[in-house]
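Take a look at the structure below.
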Amino acid sequence: MIRTAIVEDQSRYRDLLRLILTGSDNIQLVFEKEHCRNIIDDVVKEMPDVLIMDIDLPGKSGIDAVIELKAVFPEIKILMLTVFEDDEKIFAAIKAGANGYLLKKDSPQKILDAIKELSEGKASMNGLIAKKVMEYFHKKKAAANVDEFNLTKREDEILELLIQGLSYKEIASKCFISPETMNSHIKNIYEKLKVHNQVEAVGKAANEGLL
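The letter at position 195 of the sequence shown is residue 195 when you use our numbering, and the numbering goes up by one with no holes.
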């Protein structure tokens with residue numbers, strides 16, 4: 001069971017999230033809150049694997065809560081689920097340490113898939129967000145010689161598909177490789193780029209002032 005929590009101030013959308021999560025066989029909803037003012041205490045009590053966080057919350061923003069949480073619980077997986085599509089909010093959330101970023105207009109299945117992906121140590125992004133990440137990577141590749149990372153031709157191909165927002169399963173199918181081979185390539189790519197997932201890559205760039 002994936003222990004999951006919700007921090008969402010809009011009661012109707014929180015009710016919808018509760019319905020989505022409790023209808024899943026492999027997700028356990030451990031708490032739901034309207035705000036994140038006491039988020040550290042809330043997490044200590046229930047220790048969720050994945051925390052769904054809105055950005056625009058009363059008293060303290062979701063982004064500030066992510067910063068606070070990651071300082072104490074670096075391993076917790078945080079999925080930003082918000083209406084905001086602008087670059088400033090997206091990269092502020094990623095820079096803070098969010099592991100995934102979806103929009104509230106995304107489907108229930110996308111939310112469930114994202115929770116599962118985050119629990120497995122992967123990242124999950126809405127297609128629009130993935131496009132913005134892709135644009136960032138292309139700018140980075142234009143500013144620096146990608147060959148310095150010593151990526152193989154196959155690794156570079158997989159990285160491009162990853163940047164486009166394809167899932168690991170979709171990339172494996174597109175490249176005609178097994179899931180095991182795919183995981184091996186992903187591990188090598190992240191080791192060479194010195195990051196652990198595509199969201200962290202953007203966060204690292206943001207912290208270095210490249211965004």
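Yeah, the Cβ is synthetic: ideal placement off N, Cα and C, and Gly gets one too.
Rounded Cβ spacing between residue i and residue j (contact assumed at less than 8 Å)
| i | j | result |
| --- | --- | --- |
| isoleucine 2 | isoleucine 76 | Rounded, the Cβ-Cβ distance is 12 Å, inconsistent with contact. |
| leucine 17 | isoleucine 52 | 7 Å |
| isoleucine 78 | glycine 59 | 18 Å between Cβ atoms; not a contact. |
| glycine 100 | leucine 112 | Glycine 100 to leucine 112, Cβ: 12 Å. No contact. |
| valine 30 | glutamate 46 | 4 Å |
Straight-line Cα distance separating residue j from residue i
| i | j | result |
| --- | --- | --- |
| valine 83 | tyrosine 13 | 12 Å |
| valine 7 | serine 167 | 26 Å |
| isoleucine 20 | glutamate 32 | 13 Å |
| glutamate 68 | histidine 35 | 14 Å |
| isoleucine 90 | serine 24 | 28 Å |
| isoleucine 171 | phenylalanine 73 | 31 Å |
| glutamine 10 | proline 179 | 39 Å |
| glutamine 28 | threonine 22 | 7 Å |
| asparagine 183 | glutamine 109 | 23 Å |
| glutamate 157 | phenylalanine 176 | 12 Å |
| histidine 185 | lysine 169 | 13 Å |
| aspartate 15 | glutamate 120 | 26 Å |
Member of the options whose CA lies at the smallest distance from the CA of residue i
| i | options | result |
| --- | --- | --- |
| glycine 62 | Val44, Lys187, Ile40 and Ala93 | Ala93 |
| alanine 71 | Leu81, Ile55, Ile39 and Ala172 | Ile39 |
| methionine 125 | Leu29, Lys174, Glu85 and Asp9 | Glu85 |
| serine 107 | Leu81, Ala123 and Asp56 | Leu81 |
| arginine 37 | Gln28, Lys105 and Asp54 | Asp54 |
| lysine 192 | Ser173, Leu159 and Ile177 | Leu159 |
| lysine 187 | Glu155, Asn26 and Asp15 | Glu155 |
| leucine 161 | Asn26, Leu151 and Lys174 | Lys174 |
| isoleucine 189 | Val50, Asp49, Leu151 and Asp56 | Leu151 |
| histidine 64 | Lys95, Pro48, Val50 and Lys153 | Inspection of the sequence shows that residue 64 is occupied by aspartate rather than by histidine. Nearest of Lys95, Pro48, Val50 and Lys153 to aspartate 64, Cα basis: Lys95. |
Per-residue burial, residue i [other beta carbons within 10 Å of its own, 16 or more giving buried]
| i | result |
| --- | --- |
| threonine 4 | buried |
| aspartate 87 | exposed |
| aspartate 42 | buried |
| lysine 122 | buried |
| valine 44 | exposed |
Uninterrupted beta strand (DSSP E) stretches inside the segment 10-62 (no shorter than 3 residues): 27-33 and 50-53
Contained beta strand (DSSP E) runs [length at least 3] in the segment 71-135, N- to C-terminal order: 77-82 and 100-103
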